[in-house]
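A.B. asks:
In this note's numbering, the protein residues as written are 3 to 95.
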């Protein structure tokens, strides 16, 4: 099954929730910086990640944005940024 690049950005107001969200997203990301992660996800994985993130945040105080990137487009990087790439496999753990 094909994976699609998603950018997941968050703004979490509570340090404890912030740590939980960061730790969770690092398991699915191939890169990113601070509060933005590059995640190659199947539709099923995207649904799972969305459900898990909802359970980790306070929807009245926190925000998460999930951007689906068009696979036909190429990203442009500046500075020391590295092009995101979909690895052959993921280890989640």
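Heads up, the beta-carbon is just placed ideally off N, CA and C, and yes, glycines get one too.
Can you list, in chain order, the stretches of the beta strand (DSSP E) that have 3 or more residues and sit fully within the stretch 42-71?
C.D. replies: Counting only runs of 3 or more, we get 65-70.
A.B. asks: Do you know offhand how far residue 72's Cα is from residue 11's?
C.D. replies: Distance between the alpha carbons of residue 72 and residue 11: 17 Å.
A.B. asks: Considering residue 30, what are the terminal residues of the beta strand (DSSP E) in which it resides?
C.D. replies: Unbroken run through residue 30: none, as it is neither H nor E.
A.B. asks: Between the C-alpha atoms of residue 62 and residue 76, what's the straight-line distance to the nearest angstrom?
C.D. replies: Cα-Cα distance, rounded: 35 Å.
A.B. asks: Which residue from 13, 69, 7, 6 puts its Cα closest to that of residue 36?
C.D. replies: Looking at the Cα atoms, 13 is the closest of the given residues.
A.B. asks: Have a look at residue 21 and residue 40 and give me their C-alpha separation to the nearest angstrom.
C.D. replies: Spanning the two alpha carbons is a distance of roughly 18 Å.
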